[in-house]
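Colleague:
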Amino acid sequence: MNTIMNKWQRVFFLLVNTLVLSPVLGQTVIDSIIRPGLAPAGLAVYEKGNKLCVFDDRTNHLLIYDGATLALGKEIVFSHPPDDPFSFCGMAVNEAESELYIGIGTRPEVRVAIVDLTSDSVLTEIPVPNLLPQSACGFILDPVLNKLFLNNSSEVFIIDLSTNTVIKISLPVDGFHIDMSLNPVTHEVFLANSSVPKLRIINGITTQ
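In short: position in the sequence shown from 1, add 1299, done, that's the working numbering.
This is how it looks when you write it as structure tokens:
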């Protein structure tokens, strides 16, 4: 009797989990944006203003869509347009400041454009000296410190968005830093190295 009950308990357990974990049949996409030739390289959501920001790698333009209607509200052409396609380096939204920060690969250096998401206009473009577009591999915003972190294989560039100044930190050349992450509580930035078994940690407050 116990064997039979255990068998049916297992069947019941499997049935319940199948219903819970399986997707509901007939699910559909709510809506979509159709733009012929669009090559989206980066997306960012401005929640307070209900906007979707898309960087088009084909044209190197920033497209700002209305989050409710998905209609194109503004297409931004930057004052220093990239020389080649595939120039996107990263993008982040500061909800408190209603600003978008976007890394654009122009020659001879990367530039960070600051976009006012209230008026959908470019406030300024900050050059990041010695950071080549092809080598930029990280883009992180600390909205509390109002600092932006970019990196390549041997350097970290910190932009103080309160003053638009750039600080460069040189790292040992012992591999390629493949990823970067922020601890929003301690304001530490962690860099993973592809060649050595270690993490490098930068204090975002002291920039050490």
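Cβ atoms here follow ideal geometry from the backbone N, Cα and C, with glycine treated the same way.
#1: Tell me which same chain residues have a C-beta within less than 6 Å of the C-beta of GLY1402, skipping the five on either side of it?
#2: Per DSSP, PHE1377 is paired with what?
#3: Would you list the residues sitting across from CYS1436 in a DSSP beta bridge?
#4: Could you give the uninterrupted runs of the beta strand (DSSP E) lying entirely in the segment 1446-1499, keeping only those of 3 residues or more?
#5: Less than 8 Å between the C-beta atoms of ILE1375 and GLU1398, yes or no?
#6: With distances taken Cα to Cα, identify the nearest neighbour of ASN1359 among LEU1449, SER1378, VAL1344.
#7: Going by DSSP, which residues form a beta bridge with THR1423?
#8: Among ASP1459, LEU1470, THR1423, ASP1441, which residue has its Cα nearest to the Cα of SER1453?
#9: Would DSSP call LEU1314 helix, strand or coil?
#10: Would you tell me roughly how many angstroms separate the C-alpha atoms of VAL1512 and ARG1334, rounded to the nearest one?
#11: Can you tell me which of LEU1422, THR1405, GLU1396, GLY1404 puts its alpha carbon nearest to the alpha carbon of ASN1445?
#12: For ILE1425 versus VAL1465, is the C-beta spacing smaller than 8 Å?
#13: Output yes or no for whether 8 Å exceeds the beta carbon distance between ILE1468 and ILE1501.
#14: With C-beta atoms as the reference, is PHE1456 less than 8 Å away from LEU1430?
#15: Under three-state DSSP, which class holds LEU1320?
#16: Taking its Cβ as the centre, do 16 or more other Cβ atoms sit within 10 Å of ASP1478, making it buried, or is it exposed?
#17: Indicate the three-state DSSP secondary structure (helix, strand or coil) for GLY1372 in the structure shown.
#18: Going by the CB atoms, is the gap between SER1420 and GLY1404 shorter than 8 Å?
#19: Would you kindly report the start and end of the unbroken beta strand (DSSP E) that includes ASN1393?
Modeller: Taking the definition as stated:
#1: CYS1388, GLY1389, VAL1409, VAL1411, PHE1438
#2: Answer is none; PHE1377 lacks a bridge partner.
#3: Note: CYS1436 sits in no beta bridge, so no partner.
#4: 1446-1450, 1454-1459, 1464-1469, 1476-1482, 1487-1492
#5: no
#6: SER1378
#7: ILE1413
#8: LEU1470
#9: Summary for LEU1314: the model assigns pLDDT 38, below 50, so the residue's position carries little reliability; its value from the coordinates is reported in the next sentence. DSSP places LEU1314 in helix when its eight states are reduced to three.
#10: This structure cannot speak to residue 1512, because the chain is shown only from 1300 to 1507.
#11: GLU1396
#12: yes
#13: yes
#14: yes
#15: Because LEU1320 sits at a pLDDT of 44, beneath the cut-off of 50, its placement in the model cannot be relied upon, and the point is left open.
#16: exposed
#17: strand
#18: no
#19: 1387-1393
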